[in-house]
Structures are given as C-alpha cells and as structure tokens.
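**Q** The listed protein sequences correspond, in order, to chains H and D.
So the first sequence is numbered by our numbering: it starts at 9 and just counts up by one.
So the second sequence is numbered by our numbering: it starts at 9 and just counts up by one.
Think of the CB as a built atom: it goes at the ideal place given N, C-alpha and C, for glycine as much as any other residue.
Protein chains: 2
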Amino acid sequence: MTAQRPRPAETPSPSRAELPVVDQAPRERSDAARNRVRLLEAAGELVRRHGAQNVTMDAVADAASVGKGTLFRRFGDREGLMLALLEHAEEEYQRGYLFGPPPLGPGAAPLERLDAFGEATVRHLLCNMDLYLAADACASRRYTVPAGVLRVTHIAVLLHQAGAVGDVDLVAQALAGYLDPALVHHLCTQRGFSLERIQAGWRELVNRAVAPLPA
Amino acid sequence: MTAQRPRPAETPSPSRAELPVVDQAPRERSDAARNRVRLLEAAGELVRRHGAQNVTMDAVADAASVGKGTLFRRFGDREGLMLALLEHAEEEYQRGYLFGPPPLGPGAAPLERLDAFGEATVRHLLCNMDLYLAADACASRRYTVPAGVLRVTHIAVLLHQAGAVGDVDLVAQALAGYLDPALVHHLCTQRGFSLERIQAGWRELVNRAVAPLPA
DNA sequence: ACGGAAAGCGGACCTGAGTCCACTTCTTCT
DNA sequence: AGAAGAAGTGGACTCAGGTCCGCTTTCCGT
C-alpha cells in the first residue's frame with residue numbers, strides 16, 4: 009500500500025547535455041524550477057532553525073508560499089525532501105572523494121584512499137547527523153538511495169584496485185554498512201565510542217578486506 | 009520530540025523469580041495480561057491474512073475488541089507491536105543458537121558456530137521478511153532493538169572465543185550489519201543475489217574477521 | 001467483605017503525511 | 001500573437017498513528 013508510491017521525476021537533472029540525444033528528461037518548467045529553489049531554501053532555513061525533526065511539511069510549504077501539493081509533487085515525500093537537502097551537503101564531500109586531491113581523491117594508492125574515505129565519511133556524517141537521521145530511509149529505500157549506492161560502488165572499486173580477492177561486492181556492502189549514519193550515531197552517543205576509535209575500526213576492517221583470503 | 013517517547017513497561021517479564029528481591033517489575037494485572045494476548049493474537053491473525061504492511065492499529069484494536077489506547081499503552085507504537093510479534097518468531101531461532109545442538113549451539117568450535125549462525129540467520133530472516141520489514145526500526149532504534157543487540161553480542165563472544173584479535177566489538181558490529189534484514193532483502197530481490205552467495209559471503213567475512221591482523 | 005489507591009481502559013480527539021483534481025501557467029507550434 | 005495542451009499548482013480532504021483524560025477494574029491491606 010504505502011510500499012509503491014508513484015515517486016515523480018526523480019531529480020530531473022536540470023543541466024542536460026545539449027546534444028539532441030533521443031529524449032532525456034524533458035526539462036523542467038520555469039515556474040517549477042523557481043518553486044523548487046524556494047522550497048529548498050525554506051526547508052533549509054526551517055531545519056537550521058528548528059532541527060530537522062521538528063519541521064512539518066505544511067510548515068515548509070507555508071514558508072515557501074507554495075501549495076502542499078507542489079511540495080509533494082517535487083519531492084515525493086518527507087524523506088525525499090530531506091534527501092534533497094542532504095544532496096547539497098553531500099556534493100562537496102562526494103567531489104572530495106571522487107575528484108579531489110589525494111589521499112582522498114585519485115592519485116593516492118587505493119588503500120590510502122580507502123582509509124581516507126572512511127575518515128572523511130565519518131566526519132561528514134557527524135557534521136550532518138541531524139539531517140541524516142531525519143532523512144533516514146526505512147527498510148526498502150535504505151540500500152537504494154543514490155548517495156549510498158555511490159559509496160558502496162566507490163568502496164568496491166577501490167577494493168578491486170587494491171587487489172582484493174573474494175566476493176568483493178559483498179565485502180564492500182559490509183564495509184559500507186559500517187558507515188551507516190545511524191550506526192555511527194549509535195556508537196558515538198549510546199555506546200560512547202570515540203571518533204578516533206570508530207575511524208580506527210574502519211582502518212582495521214579495510215585491512216582485513218584487502219588481505220588475502222584466510223584459511 | 010518523537011525521539012524520546014515514554015515507552016511503558018518494556019516486556020514486563022510475566023514470570024519473575026518469587027524471591028523477595030528488592031522490587032522488580034511489579035507484575036502485570038490480570039486484565040492487562042488478558043488483553044495483551046488478545047491483541048497479540050488478533051494482530052498475528054491480521055498480519056497472516058493481509059500482510060504486515062496492510063494492518064492498521066485501529067484494525068488490530070477492533071479485532072481484539074479492545075480500545076486503541078490499550079493497544080498503544082501495551083506496545084508503545086506500531087513498531088513495538090510488530091517487534092512483539094517478531095519476538096515470538098525469534099524465540100525458536102534464538103534458542104537454536106544460544107542453547108541448541110551443535111553446530112549452531114554450544115559444543116561446536118566457535119568458527120563453525122559462527123558459520124552456522126550466519127546461515128541460520130539469513131534463512132530465518134527470509135522466512136519472516138514481511139514482519140521484519142514492517143517492524144523495521146528507523147534510525148534511532150535500529151541498533152538498540154533487543155534481538156539485534158543479542159545478535160551482536162553473540163557474534164562478539166564467538167569471535168573472542170575463536171581467538172580474534174583487534175577491535176572485536178566493532179568487527180562484530182560490522183558483521184551484524186551484514187545480517188540486517190533490509191540488506192538481505194535488498195540483496196535478494198533488488199540485486200538478485202542467491203541465498204547461497206549471501207551465505208558464502210558471510211563465511212568469507214567471518215574468516216576475515218578471525219584472521220590475524222594483516223599488515 | 002470492604003475501601004482506597006494504583007493500574008488499566010477506551011474512544012474521542014489531534015496532528016501531520018500524503019492524495020486528488022479543478023484550475024492556472026508555461027511552452028511550443030503555426 | 002494566439003491557440004492547444006502539457007506541466008504545474010494549491011488547498012481541501014482522507015487516513016493512520018499517537019495522545020489524553022475521565023471512568024472502570026483489580027489488587028491488597030485491614
């Protein structure tokens with residue numbers, strides 16, 4: 009019932025190549041674009057002021073002087089809105105590990121990059137934890153959120169480059185699981201693990217992952 | 009706001025030792041007990057008939073001929089009800105790995121038990137996936153659900169027994185993450201991984217976890 | 001038995017997410 | 001410029017989860 013909602017226009021990629029490709033995303037109408045930024049700005053402001061948990065969809069629509077229907081058409085649901093908000097925060101972080109300078113970006117040895125990736129990710133998560141928890145994708149979406157898929161892929165690629173053997177995709181999935189925002193949050197606040205220990209744990213896992221198959 | 013709900017009487021353990029201990033859980037009143045089983049039975053029946061996703065709290069209360077307030081007082085929220093329902097299904101599985109015969113239960117070598125544990129867990133999850141997905145604890149509760157904590161602990165204990173070195177608790181946490189119901193479901197349905205591959209992946213992870221620290 | 005206190009009950013009520021659809025606004029084609 | 005229709009809009013509405021609080025039941029001490 010709630011499982012399969014329509015989910016309209018998943019991030020209609022405002023900048024498409026001008027080549028006359030068959031027919032990609034038919035471009036967004038100007039008023040729609042205007043409302044998107046209004047909504048995003050309003051939502052960002054409200055989240056900053058009251059914390060992501062305490063922002064209702066009605067409040068966002070009102071603050072943006074836009075109808076509720078529009079809000080939902082744009083972002084699908086509450087989670088979608090939070091995810092869109094996160095995308096902004098993720099961009100810099102993603103650029104960092106995809107294209108940035110070593111040791112995080114290309115140029116360094118794969119193992120170094122993996123280490124740096126874990127460290128950067130944990131740091132990034134903690135900085136945006138409020139949003140991550142509010143945007144937390146329950147069950148079905150947890151492993152299909154683009155940002156998450158990107159992380160798993162990145163880890164898998166680096167593992168391969170580092171010469172890892174075994175079922176690298178599954179190992180990558182397990183490693184990515186360690187970087188789940190909710191887990192990091194739990195370890196920090198409920199279990200009292202220090203940031204350093206969590207990052208050291210990542211390093212240990214990476215080393216185990218790239219080691220030759222034991223036994 | 010939603011974060012810290014009162015959460016009344018977490019499983020008030022109906023059978024307490026008759027010793028005059030200081031003063032544990034003050035026992036449940038008879039009408040309360042009666043209503044709890046009514047609710048659980050009604051909920052179980054509805055879930056069986058319509059799938060966990062399509063069962064509303066009102067429907068459960070009605071079917072049990074009990075007020076909605078009672079339902080919520082007992083189980084806190086929807087997730088709590090689903091968790092309670094799961095507890096029943098988990099019991100046999102938990103007994104299996106805690107007290108059952110080898111290789112799952114005590115008696116076998118720790119490494120064997122770890123392997124068997126992964127296999128049994130994946131199988132168990134797939135059998136009850138409907139409920140697991142409905143009971144899916146979002147963010148804050150995901151890592152504090154008793155059954156989950158038990159799994160992590162069990163893994164950590166066996167890792168220790170197997171002579172694992174390093175930050176065993178964190179490694180155990182990562183391994184447990186691999187057994188997240190939503191992940192197993194995702195791997196099976198979205199990614200098309202076979203049950204066998206997922207279980208083999210577990211075996212690989214376990215072997216890596218108990219290997220001596222690389223590098 | 002009986003009476004008082006505490007635990008439990010139930011359903012009206014509130015809130016916020018998500019839907020629907022008649023209406024408006026953009027875009028494009030001529 | 002104007003018409004046609006696709007895309008977008010907004011807010012009333014529905015629905016389900018969760019709360020509240022006056023009433024009832026059970027329990028226990030006397």
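When DSSP builds the beta bridges, which residues end up paired with H/Ala116?
**A** Looking up residue 116 of chain H in the first sequence gives position 108. In the DSSP output, where bridge partners are listed per residue, H/Ala116 has H/Pro114.
**Q** Decide if D/Leu221 is buried, meaning its Cβ has at least 16 other Cβ atoms within 10 Å, or exposed.
**A** The residue labelled residue 221 of chain D in the question sits at position 213 within the second sequence. D/Leu221 comes out exposed.
**Q** Report back the beta-carbon spacing between H/Gly209 and D/Asp175 to the nearest angstrom; my notes put them in contact at under 8 Å.
**A** Translated into the one-based positions of the first sequence, residue 209 of chain H becomes position 201. Translated into the one-based positions of the second sequence, residue 175 of chain D becomes position 167. About 5 Å; that satisfies the 8 Å criterion.
**Q** For the region 194-221 of chain H, list every residue whose C-beta sits within 9 Å of some C-beta in chain D, in sequence order.
**A** Those residues of the region 194-221 of chain H that come within reach of chain D (Cβ to Cβ, closer than 9 Å) are His194, Leu195, Gln198, Arg199, Phe201, Arg205, Ile206, Ala208, Gly209, Trp210, Glu212, Leu213, Asn215, Arg216, Ala217, Val218, Ala219, Pro220 and Leu221.
**Q** Quick check on the burial criterion: 16 or more other C-beta atoms within 10 angstroms. Buried or exposed for H/Phe125?
**A** Reading the first sequence from its first residue, position 117 is the one you call residue 125 of chain H. Per the 10 Å Cβ criterion, buried.
**Q** Would you call H/Asn62 buried or exposed, if buried means 16 or more other Cβ atoms sit within 10 Å of its Cβ?
**A** Position 54 of the first sequence, counted from the first residue, corresponds to residue 62 of chain H. That one is exposed.
**Q** Just curious, the alpha helix (DSSP H) that H/Gln181 is in, first and last residue?
**A** If you number the first sequence from 1, residue 181 of chain H lands on position 173. That run of the alpha helix (DSSP H) goes Val176 to Tyr186.
**Q** I'd like the list of long-range same chain contacts for H/Val173, defined as Cβ closer than 7 Å, with 5 residues on each side in sequence excluded.
**A** Along the first sequence, read from residue 1 onward, the residue named residue 173 of chain H stands at position 165. Same-chain partners within the cutoff: Pro220 and Leu221.
**Q** Would you mind stating whether D/Gly185 and H/Gly185 have Cβ atoms separated by less than 8 Å?
**A** Position 177 of the second sequence, counted from the start, is the residue given in the question as residue 185 of chain D. Position 177 of the first sequence, counted from the start, is the residue given in the question as residue 185 of chain H. Yes, the pair counts as a contact, with Cβ atoms nearer than the cut-off.
**Q** Can you check whether the C-beta of H/Asp123 is within less than 8 Å of a C-beta belonging to chain D?
**A** Within the first sequence, the letter at position 115 stands for residue 123 of chain H. Chain D contact via Cβ: absent.
**Q** Would you say H/Leu134 lies against chain D (beta-carbon separation less than 8 Å)?
**A** Sequence index remark: in the first sequence, residue 134 of chain H carries index 126 (1-based). For H/Leu134, the answer is no, since every Cβ of chain D falls outside 8 Å of its Cβ.
**Q** Go ahead and pull the three-state DSSP assignment for H/Ala143.
**A** Residue numbering aside, residue 143 of chain H sits at position 135 when the first sequence is read from its first letter. DSSP places H/Ala143 in coil when its eight states are reduced to three.
**Q** How many angstroms separate the CA atom of D/Arg149 from the CA atom of H/Ala50?
**A** Locating residue 149 of chain D in the second sequence gives position 141, where the first residue counts as 1. Locating residue 50 of chain H in the first sequence gives position 42, where the first residue counts as 1. Rounded to the nearest angstrom, the two C-alpha atoms are 29 Å apart.
**Q** Does H/Thr161 have its Cβ less than 8 Å from a Cβ in chain D?
**A** The residue labelled residue 161 of chain H in the question sits at position 153 within the first sequence. So, not an interface residue.
**Q** Taking only three categories from DSSP, how would you classify D/Glu49?
**A** The residue you call residue 49 of chain D lines up with position 41 of the second sequence. Correct three-state label for D/Glu49: helix.
**Q** Give a single yes or no on whether D/Arg131 has its beta carbon closer than 7 Å to a heavy atom of the ligand NAD.
**A** Of the ligands one can find in the structure shown there are none, so the ligand NAD has no counterpart to examine.
**Q** Return no unless some Cβ of chain H is closer than 8 Å to the Cβ of D/Val63.
**A** Numbered from its first residue, the second sequence carries residue 63 of chain D at position 55. It does not; no Cβ of chain H falls within 8 Å.
**Q** Relative to the C-alpha of H/Gln169, which candidate in H/Thr197, H/Glu204 and H/Leu119 has its C-alpha closest?
**A** In the first sequence, counting from the first residue as 1, residue 169 of chain H sits at position 161. The candidate whose alpha carbon is nearest that of H/Gln169 is H/Leu119.
**Q** Output yes or no for whether 8 Å exceeds the beta carbon distance between D/Ala231 and D/Tyr151.
**A** Outside the displayed span of chain D (9 to 223) sits residue 231 of chain D, for which this structure offers no information.
**Q** If contact means a Cβ-Cβ distance below 8 Å, which residues of the region 145-159 of chain H contact chain D?
**A** Of all residues in the region 145-159 of chain H, Cys146, Ala147, Ser148, Arg150, Tyr151 and Thr152 have a Cβ within less than 8 Å of some Cβ in chain D.
**Q** First and last residue of the alpha helix (DSSP H) that includes H/Arg199?
**A** Stepping through the first sequence from its first residue, residue 199 of chain H is reached at position 191. From DSSP, H/Arg199 is part of no alpha helix (DSSP H); its letter is neither H nor E.
**Q** Should the region 51-59 of chain D be regarded as contacting the region 78-94 of chain D, the criterion being three or more beta carbon pairs within less than 8 Å?
**A** Judged by Cβ distances under 8 Å, the region 51-59 of chain D makes contact with the region 78-94 of chain D, as three or more pairs qualify.
**Q** Counting only beta-carbon atoms, is H/Val130 nearer than 8 Å to chain D?
**A** Here the question's residue 130 of chain H lines up with position 122 in the first sequence. Cβ-Cβ to chain D under 8 Å: no for H/Val130.
**Q** Please list the residues of the region 168-190 of chain H that have a C-beta atom closer than 8 Å to any C-beta atom in chain D, keeping them in chain order.
**A** Under the 8 Å Cβ criterion, the region 168-190 of chain H contributes Gly174, Asp175, Leu178, Val179, Gln181, Ala182, Leu183, Gly185, Tyr186, Asp188, Pro189 and Ala190.
**Q** Here's a check: name, in chain order, each residue in its chain whose Cβ is nearer than 8 Å to the Cβ of H/Leu79, leaving out the five neighbours to either side.
**A** For the purposes of this step, residue 79 of chain H is identified with residue 71 of the first sequence, where counting begins at 1. Here the set comprises Leu47, Met65, Val68, Ala69, Ala72 and Leu89.
**Q** Report buried or exposed for D/Gln181, applying the criterion of at least 16 other Cβ atoms within 10 angstroms of its Cβ.
**A** Position 173 of the second sequence holds residue 181 of chain D. The residue is buried, with at least 16 neighbouring Cβ atoms inside 10 Å.
**Q** According to DSSP, is H/Val165 helix, strand or coil?
**A** Counting from 1 along the first sequence, the entry for residue 165 of chain H is found at position 157. Helix.
**Q** The alpha helix (DSSP H) spanning D/Val68 covers which residue range?
**A** Here residue 68 of chain D corresponds to residue number 60 of the second sequence, with the count starting at 1. Unbroken alpha helix (DSSP H) run through D/Val68: Met65 to Ala71.
**Q** Would you report the Cα separation of D/Asn136 and H/Tyr105, rounded to the nearest angstrom?
**A** Within the second sequence, residue 136 of chain D is the residue found at index 128, counting from 1. Within the first sequence, residue 105 of chain H is the residue found at index 97, counting from 1. Near 38 Å, if we compare the C-alpha coordinates of H/Tyr105 and D/Asn136.
**Q** Which residues in chain H have a C-beta closer than 7 Å to the C-beta of D/Leu93? List them in chain order.
**A** For the purposes of this step, residue 93 of chain D is identified with residue 85 of the second sequence, where counting begins at 1. Those within 7 Å of D/Leu93 in chain H number zero; the least Cβ separation is about 16 Å.
**Q** Any beta carbon from chain H within less than 8 Å of D/Leu89's own beta carbon?
**A** Stepping through the second sequence from its first residue, residue 89 of chain D is reached at position 81. Not an interface residue.
**Q** Given this structure, state the Cα-to-Cα distance separating D/Gly171 from D/Asp123, to the nearest angstrom.
**A** Position 163 of the second sequence, counted from the first residue, corresponds to residue 171 of chain D. Position 115 of the second sequence, counted from the first residue, corresponds to residue 123 of chain D. In a straight line, the C-alpha of D/Gly171 is about 15 Å away from that of D/Asp123.
**Q** Is there a Cβ of chain H sitting closer than 8 Å to that of D/Ala60, yes or no?
**A** Mapped onto the second sequence, residue 60 of chain D falls at position 52. It does not: the Cβ of D/Ala60 has no partner Cβ on chain H nearer than 8 Å.
**Q** Could you check how far apart the C-beta atoms of H/Leu134 and H/Arg121 are, in whole angstroms? I think they sit under 8 Å.
**A** Position 126 of the first sequence, counting from 1, holds the residue named residue 134 of chain H. Position 113 of the first sequence, counting from 1, holds the residue named residue 121 of chain H. So it is not a contact: roughly 20 Å between Cβ atoms.
**Q** Using a Cβ-Cβ distance cut-off of 8 Å, determine whether H/Ala97 contacts chain D.
**A** Working through the first sequence from its first residue, we reach residue 97 of chain H at position 89. No, H/Ala97 lies away from the interface with chain D (no Cβ there is under 8 Å from its Cβ).
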